[in-house]
Amino acid sequence: LYYHKYHAPVLYQTFNFLLKSITMKKKNILISSLLTNFLFQSLFCFSSAASSRHWFRQPIVKSCAVAGVLCCASCIKIVSTGNECLVERLGKYHRSLQPGLNIIIPLFERISFQDTNREQILDVPPQECFTLDNAPLTADAIVYMRITDMEKASYKVSNVKDAVLNLCLTHLREEIGRLTLEESFSKRGTLNQALVKRLNDICQDWGVHITRVEIQHLQPSHDILRAMEMQMSAERKKRATILQSEGERTKLINEAEGRAGAMLVDAEARKRSIILDSEAEAERQSLEAEGIQLAIKKIAEAIATSNGGNKGGQVGEKAMKDALQLLSLVRYMETQGKFASSDGTKVLLFPTRDSLPLTYEGLSSLMKQ
(Lines of atoms letter the chains of each structure in order from A and count residues from 1; the text may use other names and numbers.)
(Lines give C-alpha, C1' and ligand atoms only; values in the text may rest on other atoms or scores of the structure.)
Protein backbone atom coordinates (compact mmCIF):
# COMPACT_ATOMS: atom_id res chain seq x y z
CA LEU A 1 0.00 0.00 0.00
CA TYR A 2 2.75 2.42 0.92
CA TYR A 3 4.72 1.40 -2.15
CA HIS A 4 1.95 2.55 -4.41
CA LYS A 5 1.40 5.56 -2.22
CA TYR A 6 4.94 6.86 -2.83
CA HIS A 7 5.04 5.93 -6.55
CA ALA A 8 1.77 7.70 -7.46
CA PRO A 9 0.83 9.97 -4.57
CA VAL A 10 -1.64 12.15 -6.45
CA LEU A 11 -3.73 9.28 -7.77
CA TYR A 12 -3.61 7.49 -4.42
CA GLN A 13 -4.72 10.52 -2.42
CA THR A 14 -7.54 11.18 -4.87
CA PHE A 15 -9.06 7.71 -4.56
CA ASN A 16 -8.50 7.55 -0.82
CA PHE A 17 -10.23 10.92 -0.24
CA LEU A 18 -13.09 9.93 -2.50
CA LEU A 19 -13.79 6.67 -0.73
CA LYS A 20 -13.36 8.17 2.74
CA SER A 21 -15.92 10.84 1.91
CA ILE A 22 -18.34 8.08 0.88
CA THR A 23 -18.01 6.04 4.07
CA MET A 24 -18.55 9.10 6.34
CA LYS A 25 -17.69 7.06 9.45
CA LYS A 26 -14.29 6.54 11.09
CA LYS A 27 -14.83 2.86 11.76
CA ASN A 28 -15.05 2.22 7.98
CA ILE A 29 -11.64 3.74 7.18
CA LEU A 30 -10.09 0.26 6.95
CA ILE A 31 -12.61 -0.80 4.31
CA SER A 32 -12.03 2.33 2.26
CA SER A 33 -8.25 1.88 2.49
CA LEU A 34 -8.41 -1.71 1.31
CA LEU A 35 -10.70 -0.77 -1.56
CA THR A 36 -8.38 2.10 -2.47
CA ASN A 37 -5.42 -0.25 -2.53
CA PHE A 38 -7.31 -2.69 -4.78
CA LEU A 39 -8.33 -0.02 -7.24
CA PHE A 40 -4.91 1.57 -7.26
CA GLN A 41 -3.18 -1.76 -7.88
CA SER A 42 -5.52 -2.44 -10.78
CA LEU A 43 -4.86 0.95 -12.34
CA PHE A 44 -1.13 0.72 -11.66
CA CYS A 45 -0.89 -2.66 -13.30
CA PHE A 46 -2.87 -1.39 -16.25
CA SER A 47 -0.60 1.63 -16.65
CA SER A 48 2.50 -0.52 -16.33
CA ALA A 49 1.20 -3.00 -18.86
CA ALA A 50 0.43 -0.19 -21.23
CA SER A 51 4.09 0.89 -21.14
CA SER A 52 5.31 -2.61 -21.99
CA ARG A 53 3.71 -4.86 -24.54
CA HIS A 54 5.26 -7.89 -22.88
CA TRP A 55 3.52 -7.20 -19.58
CA PHE A 56 0.26 -6.42 -21.29
CA ARG A 57 0.23 -9.82 -22.82
CA GLN A 58 0.22 -11.46 -19.40
CA PRO A 59 -3.27 -12.80 -18.48
CA ILE A 60 -3.14 -11.60 -14.90
CA VAL A 61 -2.49 -8.05 -16.03
CA LYS A 62 -5.46 -8.15 -18.37
CA SER A 63 -7.71 -9.54 -15.68
CA CYS A 64 -6.67 -6.91 -13.16
CA ALA A 65 -7.20 -4.12 -15.68
CA VAL A 66 -10.69 -5.31 -16.63
CA ALA A 67 -11.63 -5.84 -12.97
CA GLY A 68 -10.46 -2.35 -12.11
CA VAL A 69 -12.50 -0.77 -14.88
CA LEU A 70 -15.62 -2.73 -13.95
CA CYS A 71 -15.18 -1.88 -10.29
CA CYS A 72 -14.89 1.81 -11.07
CA ALA A 73 -17.97 1.67 -13.29
CA SER A 74 -20.00 -0.11 -10.61
CA CYS A 75 -19.16 2.61 -8.10
CA ILE A 76 -20.97 5.25 -10.11
CA LYS A 77 -24.76 5.61 -9.86
CA ILE A 78 -26.68 8.34 -11.68
CA VAL A 79 -30.15 9.17 -10.32
CA SER A 80 -32.64 11.04 -12.51
CA THR A 81 -34.59 14.10 -11.36
CA GLY A 82 -37.74 13.12 -9.47
CA ASN A 83 -36.35 9.72 -8.45
CA GLU A 84 -34.77 8.52 -5.23
CA CYS A 85 -32.76 5.42 -4.36
CA LEU A 86 -32.19 3.69 -1.00
CA VAL A 87 -28.75 2.22 -0.27
CA GLU A 88 -28.09 -0.65 2.12
CA ARG A 89 -24.64 -1.35 3.51
CA LEU A 90 -24.08 -4.96 4.58
CA GLY A 91 -27.85 -5.54 4.60
CA LYS A 92 -28.73 -2.46 6.70
CA TYR A 93 -30.26 0.80 5.50
CA HIS A 94 -27.55 3.43 5.24
CA ARG A 95 -28.59 6.43 3.14
CA SER A 96 -30.65 7.64 0.18
CA LEU A 97 -29.30 8.81 -3.16
CA GLN A 98 -30.53 12.13 -4.44
CA PRO A 99 -30.79 13.14 -8.15
CA GLY A 100 -27.40 13.54 -9.80
CA LEU A 101 -24.07 11.68 -9.65
CA ASN A 102 -23.63 9.34 -6.68
CA ILE A 103 -20.90 6.84 -5.72
CA ILE A 104 -21.46 3.54 -3.91
CA ILE A 105 -19.01 0.92 -2.62
CA PRO A 106 -19.37 -2.35 -4.54
CA LEU A 107 -19.79 -5.60 -2.63
CA PHE A 108 -20.55 -3.68 0.56
CA GLU A 109 -23.37 -1.42 -0.60
CA ARG A 110 -26.33 -2.08 -2.85
CA ILE A 111 -29.46 -0.25 -4.00
CA SER A 112 -32.39 -1.85 -2.18
CA PHE A 113 -35.27 0.32 -3.42
CA GLN A 114 -35.78 2.81 -6.21
CA ASP A 115 -38.90 4.78 -7.13
CA THR A 116 -40.12 8.21 -8.14
CA ASN A 117 -41.33 11.08 -5.97
CA ARG A 118 -43.69 12.24 -8.69
CA GLU A 119 -47.43 11.59 -8.67
CA GLN A 120 -48.31 8.10 -9.86
CA ILE A 121 -51.53 6.60 -11.19
CA LEU A 122 -52.97 3.27 -10.12
CA ASP A 123 -55.80 1.77 -12.14
CA VAL A 124 -58.25 -0.09 -9.90
CA PRO A 125 -59.73 -2.99 -11.90
CA PRO A 126 -63.52 -3.42 -12.12
CA GLN A 127 -65.08 -5.35 -9.26
CA GLU A 128 -68.60 -6.29 -8.21
CA CYS A 129 -70.10 -4.34 -5.31
CA PHE A 130 -73.47 -4.28 -3.57
CA THR A 131 -75.31 -1.14 -2.50
CA LEU A 132 -77.26 -0.63 0.70
CA ASP A 133 -80.46 -1.84 -1.02
CA ASN A 134 -78.65 -4.99 -2.31
CA ALA A 135 -78.30 -3.79 -5.91
CA PRO A 136 -75.23 -5.25 -7.69
CA LEU A 137 -72.82 -2.78 -9.29
CA THR A 138 -69.55 -3.11 -11.17
CA ALA A 139 -67.22 -0.28 -10.11
CA ASP A 140 -63.69 0.76 -11.03
CA ALA A 141 -61.57 3.74 -10.08
CA ILE A 142 -58.27 5.57 -10.55
CA VAL A 143 -56.00 6.37 -7.60
CA TYR A 144 -53.48 9.25 -7.72
CA MET A 145 -50.68 8.74 -5.19
CA ARG A 146 -47.26 10.21 -4.34
CA ILE A 147 -44.48 8.66 -2.26
CA THR A 148 -43.42 11.22 0.35
CA ASP A 149 -41.09 9.02 2.44
CA MET A 150 -39.10 6.49 0.41
CA GLU A 151 -37.73 4.74 3.51
CA LYS A 152 -41.22 4.02 4.91
CA ALA A 153 -42.51 2.95 1.50
CA SER A 154 -39.70 0.38 1.30
CA TYR A 155 -39.50 -0.97 4.85
CA LYS A 156 -43.03 -0.49 6.25
CA VAL A 157 -44.79 -2.53 3.57
CA SER A 158 -43.65 -5.26 1.21
CA ASN A 159 -45.09 -3.83 -2.04
CA VAL A 160 -46.51 -0.37 -1.59
CA LYS A 161 -48.39 -0.18 -4.91
CA ASP A 162 -50.11 -3.54 -4.44
CA ALA A 163 -50.95 -2.57 -0.88
CA VAL A 164 -52.57 0.71 -1.95
CA LEU A 165 -54.42 -1.04 -4.79
CA ASN A 166 -55.90 -3.77 -2.58
CA LEU A 167 -56.72 -1.25 0.13
CA CYS A 168 -58.64 0.85 -2.39
CA LEU A 169 -60.55 -2.23 -3.58
CA THR A 170 -61.77 -3.12 -0.10
CA HIS A 171 -62.68 0.44 0.86
CA LEU A 172 -64.45 1.01 -2.46
CA ARG A 173 -66.74 -1.96 -1.78
CA GLU A 174 -67.32 -0.76 1.76
CA GLU A 175 -68.18 2.83 0.78
CA ILE A 176 -70.57 1.73 -1.97
CA GLY A 177 -72.27 -0.59 0.53
CA ARG A 178 -73.19 2.43 2.63
CA LEU A 179 -75.13 4.10 -0.18
CA THR A 180 -78.33 3.22 -2.01
CA LEU A 181 -78.43 2.73 -5.76
CA GLU A 182 -79.64 6.28 -6.45
CA GLU A 183 -77.15 7.80 -3.99
CA SER A 184 -74.22 5.94 -5.53
CA PHE A 185 -74.90 7.73 -8.84
CA SER A 186 -75.74 11.16 -7.41
CA LYS A 187 -73.03 11.33 -4.70
CA ARG A 188 -69.85 10.46 -6.57
CA GLY A 189 -68.04 13.48 -5.16
CA THR A 190 -68.87 12.44 -1.60
CA LEU A 191 -67.76 8.89 -2.38
CA ASN A 192 -64.43 10.11 -3.80
CA GLN A 193 -63.75 12.31 -0.76
CA ALA A 194 -64.55 9.49 1.65
CA LEU A 195 -62.14 7.15 -0.16
CA VAL A 196 -59.34 9.76 -0.10
CA LYS A 197 -59.79 10.35 3.63
CA ARG A 198 -59.86 6.66 4.58
CA LEU A 199 -56.89 5.75 2.37
CA ASN A 200 -54.75 8.60 3.73
CA ASP A 201 -55.47 7.55 7.30
CA ILE A 202 -53.76 4.22 6.58
CA CYS A 203 -51.20 5.13 3.89
CA GLN A 204 -49.53 7.88 5.88
CA ASP A 205 -47.73 5.17 7.87
CA TRP A 206 -46.36 3.84 4.57
CA GLY A 207 -44.95 7.19 3.47
CA VAL A 208 -47.61 7.52 0.76
CA HIS A 209 -50.01 10.43 0.21
CA ILE A 210 -53.24 9.84 -1.76
CA THR A 211 -53.99 13.04 -3.64
CA ARG A 212 -57.35 12.02 -5.10
CA VAL A 213 -59.53 9.06 -6.07
CA GLU A 214 -61.83 9.19 -9.08
CA ILE A 215 -64.66 6.71 -9.66
CA GLN A 216 -64.63 5.90 -13.37
CA HIS A 217 -67.65 3.70 -13.99
CA LEU A 218 -70.60 2.47 -11.98
CA GLN A 219 -72.28 -0.17 -14.12
CA PRO A 220 -75.43 -1.85 -12.73
CA SER A 221 -76.64 -5.25 -13.91
CA HIS A 222 -78.80 -5.58 -17.02
CA ASP A 223 -82.01 -6.23 -15.04
CA ILE A 224 -81.45 -3.20 -12.82
CA LEU A 225 -80.50 -1.10 -15.83
CA ARG A 226 -83.72 -2.09 -17.58
CA ALA A 227 -85.74 -1.35 -14.43
CA MET A 228 -84.03 2.04 -14.10
CA GLU A 229 -84.85 2.85 -17.72
CA MET A 230 -88.51 1.94 -17.14
CA GLN A 231 -88.54 4.01 -13.95
CA MET A 232 -87.03 7.00 -15.72
CA SER A 233 -89.51 6.63 -18.57
CA ALA A 234 -92.43 6.49 -16.13
CA GLU A 235 -91.06 9.49 -14.25
CA ARG A 236 -90.75 11.47 -17.46
CA LYS A 237 -94.31 10.56 -18.46
CA LYS A 238 -95.53 11.55 -15.01
CA ARG A 239 -93.79 14.90 -15.20
CA ALA A 240 -95.11 15.43 -18.73
CA THR A 241 -98.67 14.69 -17.56
CA ILE A 242 -98.28 17.03 -14.59
CA LEU A 243 -96.90 19.76 -16.77
CA GLN A 244 -99.71 19.28 -19.29
CA SER A 245 -102.39 19.43 -16.58
CA GLU A 246 -100.76 22.49 -15.05
CA GLY A 247 -100.71 24.06 -18.49
CA GLU A 248 -104.42 23.31 -19.01
CA ARG A 249 -105.26 24.70 -15.58
CA THR A 250 -103.26 27.83 -16.25
CA LYS A 251 -104.97 28.16 -19.61
CA LEU A 252 -108.46 27.87 -18.08
CA ILE A 253 -107.58 30.28 -15.29
CA ASN A 254 -106.23 32.79 -17.78
CA GLU A 255 -109.30 32.40 -19.99
CA ALA A 256 -111.65 32.85 -17.01
CA GLU A 257 -109.71 35.86 -15.81
CA GLY A 258 -109.81 37.24 -19.33
CA ARG A 259 -113.55 36.76 -19.60
CA ALA A 260 -114.11 38.29 -16.17
CA GLY A 261 -111.93 41.23 -17.07
CA ALA A 262 -113.76 41.65 -20.38
CA MET A 263 -117.13 41.55 -18.63
CA LEU A 264 -115.97 44.11 -16.10
CA VAL A 265 -114.65 46.33 -18.81
CA ASP A 266 -117.88 45.86 -20.83
CA ALA A 267 -120.06 46.62 -17.80
CA GLU A 268 -118.00 49.66 -17.02
CA ALA A 269 -118.33 50.77 -20.62
CA ARG A 270 -122.14 50.25 -20.58
CA LYS A 271 -122.37 52.11 -17.31
CA ARG A 272 -120.42 54.97 -18.73
CA SER A 273 -122.48 54.87 -21.88
CA ILE A 274 -125.77 54.99 -19.94
CA ILE A 275 -124.50 57.85 -17.83
CA LEU A 276 -123.44 59.73 -20.91
CA ASP A 277 -126.75 58.96 -22.66
CA SER A 278 -128.76 60.14 -19.67
CA GLU A 279 -126.67 63.27 -19.36
CA ALA A 280 -127.09 63.90 -23.08
CA GLU A 281 -130.85 63.29 -22.84
CA ALA A 282 -131.10 65.62 -19.89
CA GLU A 283 -129.12 68.21 -21.74
CA ARG A 284 -131.31 67.72 -24.81
CA GLN A 285 -134.52 68.01 -22.82
CA SER A 286 -133.18 71.07 -21.02
CA LEU A 287 -132.29 72.74 -24.29
CA GLU A 288 -135.61 71.69 -25.80
CA ALA A 289 -137.51 73.04 -22.82
CA GLU A 290 -135.67 76.32 -23.07
CA GLY A 291 -136.52 76.43 -26.77
CA ILE A 292 -140.19 75.71 -26.11
CA GLN A 293 -140.30 78.33 -23.40
CA LEU A 294 -138.71 80.86 -25.68
CA ALA A 295 -141.14 79.91 -28.49
CA ILE A 296 -144.13 80.26 -26.22
CA LYS A 297 -143.02 83.68 -25.11
CA LYS A 298 -142.45 84.82 -28.65
CA ILE A 299 -145.81 83.49 -29.83
CA ALA A 300 -147.59 84.99 -26.83
CA GLU A 301 -145.97 88.36 -27.47
CA ALA A 302 -146.95 88.16 -31.12
CA ILE A 303 -150.58 87.33 -30.23
CA ALA A 304 -150.70 90.04 -27.62
CA THR A 305 -149.26 92.58 -30.05
CA SER A 306 -151.73 91.61 -32.76
CA ASN A 307 -154.64 92.02 -30.31
CA GLY A 308 -153.25 95.25 -28.95
CA GLY A 309 -153.02 93.91 -25.42
CA ASN A 310 -149.30 94.18 -25.01
CA LYS A 311 -148.96 97.13 -22.75
CA GLY A 312 -145.72 97.99 -21.12
CA GLY A 313 -144.10 94.77 -22.40
CA GLN A 314 -146.47 92.56 -20.30
CA VAL A 315 -148.03 89.50 -21.95
CA GLY A 316 -151.54 88.69 -20.84
CA GLU A 317 -152.78 85.37 -19.61
CA LYS A 318 -155.13 84.96 -22.53
CA ALA A 319 -152.29 85.49 -25.00
CA MET A 320 -150.21 82.88 -23.15
CA LYS A 321 -153.09 80.38 -23.33
CA ASP A 322 -153.53 81.00 -27.03
CA ALA A 323 -149.79 80.49 -27.60
CA LEU A 324 -149.81 77.19 -25.73
CA GLN A 325 -152.85 76.05 -27.60
CA LEU A 326 -151.19 76.91 -30.90
CA LEU A 327 -148.01 75.02 -30.02
CA SER A 328 -149.94 72.00 -28.89
CA LEU A 329 -151.87 71.92 -32.10
CA VAL A 330 -148.67 72.25 -34.16
CA ARG A 331 -146.99 69.39 -32.29
CA TYR A 332 -150.04 67.27 -32.59
CA MET A 333 -150.21 67.81 -36.34
CA GLU A 334 -146.50 66.96 -36.68
CA THR A 335 -147.04 63.71 -34.77
CA GLN A 336 -150.06 62.83 -36.93
CA GLY A 337 -148.00 63.55 -40.06
CA LYS A 338 -145.25 61.17 -38.91
CA PHE A 339 -147.83 58.58 -38.05
CA ALA A 340 -149.51 58.92 -41.45
CA SER A 341 -146.19 58.54 -43.32
CA SER A 342 -145.66 54.96 -42.01
CA ASP A 343 -147.01 51.84 -43.80
CA GLY A 344 -150.28 50.15 -42.87
CA THR A 345 -153.78 51.22 -42.01
CA LYS A 346 -154.03 54.34 -39.86
CA VAL A 347 -156.80 55.93 -37.87
CA LEU A 348 -156.22 59.64 -37.46
CA LEU A 349 -157.78 61.40 -34.47
CA PHE A 350 -158.00 65.15 -34.61
CA PRO A 351 -158.54 67.16 -31.43
CA THR A 352 -161.75 69.02 -30.87
CA ARG A 353 -162.16 72.36 -29.29
CA ASP A 354 -163.03 70.74 -26.04
CA SER A 355 -159.88 68.59 -25.90
CA LEU A 356 -157.44 71.40 -26.55
CA PRO A 357 -158.18 73.27 -23.32
CA LEU A 358 -157.41 70.09 -21.43
CA THR A 359 -154.02 70.02 -23.06
CA TYR A 360 -153.57 73.67 -22.45
CA GLU A 361 -154.54 73.34 -18.79
CA GLY A 362 -152.01 70.60 -18.36
CA LEU A 363 -149.24 72.56 -19.98
CA SER A 364 -150.24 75.64 -18.05
CA SER A 365 -149.97 73.82 -14.75
CA LEU A 366 -146.55 72.52 -15.76
CA MET A 367 -145.44 76.00 -16.70
CA LYS A 368 -146.61 77.33 -13.35
CA GLN A 369 -144.67 74.65 -11.50
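Just so you know, our numbering puts 71 at position 20 of the sequence shown, and the rest follows in order with no gaps.
We put the CB at the ideal spot given by N, CA and C, even for glycine.
Close-in-space but distant-in-sequence residues of the same chain around residue i (CB under 8 Å, 5 per side omitted)
| i | result |
| --- | --- |
| residue 193 | 172, 173, 174, 175, 264, 265, 267 |
| residue 337 | none |
| residue 256 | 203, 207 |
| residue 285 | none |
| residue 230 | 182, 183, 238, 242 |
| residue 251 | 260, 261 |
| residue 145 | 138, 139, 160 |
Buried or exposed (CB count within 10 angstroms, at least 16 for buried), residue i
| i | result |
| --- | --- |
| residue 246 | buried |
| residue 235 | buried |
| residue 160 | buried |
| residue 385 | exposed |
| residue 182 | buried |
| residue 323 | exposed |
| residue 32 | In the structure as shown, the chain starts at 52 and stops at 420, and residue 32 therefore has no counterpart that could be examined. |
| residue 371 | buried |
| residue 276 | exposed |
| residue 331 | exposed |
| residue 304 | exposed |
| residue 300 | exposed |
| residue 354 | buried |
Residue i at chain D interface by Cβ criterion, 8 Å
| i | result |
| --- | --- |
| residue 169 | Reference to chain D is not applicable here, since this structure consists of a single protein chain. |
Delimiting residues of the alpha helix (DSSP H) encompassing residue i
| i | result |
| --- | --- |
| residue 185 | No alpha helix (DSSP H) contains residue 185, which DSSP labels as neither H nor E. |
| residue 203 | 201-206 |
Same chain only: Cβ atoms within 7 Å of residue i, ignoring 5 sequence neighbours per side
| i | result |
| --- | --- |
| residue 220 | 175, 178 |
| residue 200 | 258 |
| residue 253 | 218 |
| residue 377 | 350 |
| residue 155 | 126, 128, 138 |
Expected contact under 8 Å - CB spacing of residue i and residue j to nearest Å
| i | j | result |
| --- | --- | --- |
| residue 374 | residue 343 | Not a contact, Cβ separation roughly 11 Å. |
| residue 262 | residue 195 | 5 Å |
| residue 190 | residue 129 | Contact flag wrong, Cβ pair sits at about 42 Å. |
| residue 164 | residue 137 | 4 Å |
| residue 186 | residue 232 | 4 Å |
| residue 270 | residue 188 | 7 Å |
Close beta carbons around residue i, own chain, < 6 Å, minus the five adjacent residues each side
| i | result |
| --- | --- |
| residue 214 | 208 |
| residue 224 | 180 |
| residue 260 | 197, 199 |
| residue 133 | 167, 168, 169 |
| residue 216 | 173 |
Where the beta strand (DSSP E) containing residue i begins and where it ends
| i | result |
| --- | --- |
| residue 163 | 160-167 |
Beta strand (DSSP E) runs contained entirely in the segment 128-156, provided each spans 3 or more residues
134-140, 143-148, 151-154
Would you list, in sequence order, the uninterrupted beta strand (DSSP E) runs of no fewer than 3 residues that lie entirely inside the segment 221-291?
259-271
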